[in-house]
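Here the sequence shown is numbered in numbering that gives the first Met the number 0, starting from 0 and rising by one per residue.
For every residue, glycine included, the Cβ atom is placed at its ideal position computed from N, Cα and C.
Step one of this worksheet: look at the structure below.
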Amino acid sequence: MNYCSKPGKLVRDRIPQIIRADGLEPVTYVADREEYRSRLRDKLGEEVAEFLEADEESAPGELADVLEVVRALAAELGVDAARLEKLREAKASSRGGFTERIVWTGNRSRHSE
0 MNYCSKPGKL
10 VRDRIPQIIR
20 ADGLEPVTYV
30 ADREEYRSRL
40 RDKLGEEVAE
50 FLEADEESAP
60 GELADVLEVV
70 RALAAELGVD
80 AARLEKLREA
90 KASSRGGFTE
100 RIVWTGNRSR
110 HSE
């Protein structure tokens with residue numbers, strides 16, 4: 000789902016420099032706060048899709064891209080990496096993590112007939 004209707008896409012901060020180093024001139028602008036948030040949401044979807052399609056060798060790099068976008072979204076919400084980690088730890092403490100590979104398929108009555 001695209002949250003931003005304008006053309007273009009959010010790129011990492013050094014991408015324009017990299018393009019210039021390749022002898023080209025990038026066409027860019029700086030998004031306002033509302034557009035930035037919208038484009039971060041789009042970028043998260045893009046990066047998750049790339050991770051889901053990645054093979055085992057490239058998956059860690061794609062996952063790092065997802066993490067970079069998550070951190071940018073958190074910062075935009077006023078949550079630094081340390082606080083985000085504390086929130087994650089609190090949820091893991093109260094609800095558990097995903098290390099035990101448990102798959103839930105529904106409930107049944109404790110008083111089966």
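Each residue's CA atom was taken as its position, placing Lys5 and Ser37 some 10 angstroms apart.
Within 10 angstroms of the beta-carbon of Lys90 lie fewer than 16 other beta-carbons, which makes it exposed. Residue burial annotation: Leu39 is buried, with at least 16 other C-beta atoms found within 10 angstroms of its C-beta. Non-local C-beta neighbours of Val65 in its own chain, meaning closer than 8 angstroms and more than five positions away in sequence, comprise Leu43, Glu46, Val47, Phe50, ordered along the chain. Glu24 and Gln16 have their C-alpha atoms spaced approximately 9 angstroms apart.
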